[in-house]
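Here the numbering used here is used: the first residue of the sequence shown is 1289, the next is one more, and so on. Backbone N, C-alpha and C fix where the C-beta goes; we use that ideal spot for every residue, glycine too. Bear in mind that the values here come from a model prediction, so they are computed numbers and not experimental data.
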Amino acid sequence: MSNWVRGLMLLTLVVCGPGFSFAQSPAPTSDNLTSLVFQYLDIDDSDEADRLLQTILSRTDASIETVSHIMQTERTYQSQPIGTLPDERITIRDRAYPLSIFIPLTYQPSKGYGLVVCLHGAGFTGDVYLERWQARLGDDYLLACPTYLSGAWFSRRAEELVLATIQHTRRHYHVDPDRIFLTGMSNGGIGAWLIGMHNAPLFAGIAPMASGLDGVLMPFLANLRNTPIYIIHGEKDQVMPVELSRTISRELATLGIPHVYREHQREHPIAGGHYFPTEELSDFVTWLNRQRREPLPTKLTVVREASHFQPFSWLRLDSTDSIAAFSDDLVDKRDERIKRREYAKLDAAIVAMNRIEVKSERVQRYSLFLNDQLIDLSKPLTVSTNGTVSFEELVTLSLETLLRQARLRQDPRQLFPIHLTIVVQKQAS
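Okay, structure coming up:
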């Protein structure tokens, strides 16, 4: 069996869930509001987090405006090691994984930096990829390269490792939340597709290289409608045939999703066409430098199977009809619902001030998370689902919602004090 067939057999599905942790600096002991807020956001112990939450809610100086301002502007970053850090560790469900990080020698804690997460291919490790990407990007970006066995980035645990890598780096270093990128080569490129599609609101761009997707995964490309994409593939690639990326590019075009597709004809003495040519680097870095995430887009599409119900920007699926459910390790499960691509889908758009229109497929209940950047809080909000008005009144703000969502998302650019639960009315048959 060829390597690319083995790669495709391994790709079908990826899932996300709780269960990662990492070493961190001790929480501050001060009881001022700023310290309490960041203790609550950063602490791993859920019981202690609940205690801190109640402490914050009981304070007379804790308002939505004050706490939002603290989270957006008052996090400080202490001096941390810089240069090449090849021996970091991240623990996922009681198993430690190597992580290699590069922090530019010119790093300044007061400045926000772009972060590039690089996923290696089969037969490589994160430290090897760190060395390669450091030479490519120089001192303009923080780099994080985790290591996962055999480069099998298409599993629940691998996705958790990538998300924990980002959270670890953001907690210790000043990362610009609107400049986080995910790239990978070969199996790592498959991981960039899978993890990028399911967590699209996190990224300013994804760049899969010399990779592909199984056909049952194509519907999840719709999640990338607001995420810049840069695809590179060699025409003479004998490991992952170029038709894999061509197929994805055609599907993205059909969906109306802008993307860059680069196809090269070069060959490496050892890797053949299955590599990233130096000649492509300049255009790619120029693309990276231009990208900024839009943290609160007015239009969203989210496609989910039954194990990916985490928030997706200001949307979340809460309950669905019977749909496909991915397994932890992907190819050990490919049932009829997966083959038929029976997934749930929401299309949501803020079509006018305080009017949101939603179209749903196989969805029974969903949530909207909102703030004053998305709607006018002084006026009633109308939410229409499949042409029927689902909600029409003033919204209620909650400091507890703001804090709980901030702790879950760890994103100062996505703060939501409003949570609406919408039940989808069944259409008359």
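Asked: Would you kindly work out how many angstroms separate the C-alpha atoms of residue 1593 and residue 1508, rounded to a whole number?; Found: 9 Å
Asked: Beta-carbon separation of residue 1627 and residue 1504 under 9 Å?; Found: yes
Asked: What residue does the alpha helix (DSSP H) around residue 1353 start on, and which one ends it?; Found: 1352-1361
Asked: Cα separation between residue 1451 and residue 1376?; Found: 15 Å
Asked: Starting from residue 1479 and walking both ways along the alpha helix (DSSP H), at which residues does that stretch end?; Found: 1475-1486
Asked: So if DSSP puts residue 1587 in a beta bridge, which residue, or which two residues, is it bridged to?; Found: 1637
Asked: For the candidate residues 1327, 1712, 1424, whose alpha-carbon lies nearest to that of residue 1567?; Found: 1424
Asked: Could you round the C-beta distance between residue 1653 and residue 1606 to whole angstroms and report it? I think they count as a contact, below 8 Å.; Found: 4 Å
Asked: Among all the DSSP beta bridges, which residues are the ones paired with residue 1497?; Found: 1473, 1520
Asked: For residue 1598 and residue 1564, I'd like the C-alpha separation in whole angstroms.; Found: 33 Å
Asked: Do you know how far the Cα of residue 1337 is from the Cα of residue 1309?; Found: Because residue 1309 carries a pLDDT of 33, less than 50, the predicted location of this residue cannot be relied on, and no value is offered for it.
Asked: Please tell me whether residue 1677 and residue 1658 are closer than 9 Å, where the distance is taken between their beta carbons.; Found: no
Asked: What span of residues does the alpha helix (DSSP H) with residue 1365 cover, start to end?; Found: Note, residue 1365: premise wrong, no alpha helix (DSSP H); not H, not E.
Asked: Which two residues bound the contiguous alpha helix (DSSP H) that contains residue 1571?; Found: 1569-1578
Asked: Between residue 1495 and the rest of its own chain, which residues show a CB-CB distance below 6 Å, the 5 nearest in sequence each way excluded?; Found: 1471, 1518
Asked: Looking only at its own chain, which residues have a Cβ that is under 6 Å from the Cβ of residue 1629, when we skip the five neighbours before and after it?; Found: 1504, 1507
Asked: Using DSSP's beta-bridge definition, name the partner residues of residue 1548.; Found: 1518
Asked: Measure the CB-CB distance between residue 1547 and residue 1561 and report whether it falls below 9 Å.; Found: no
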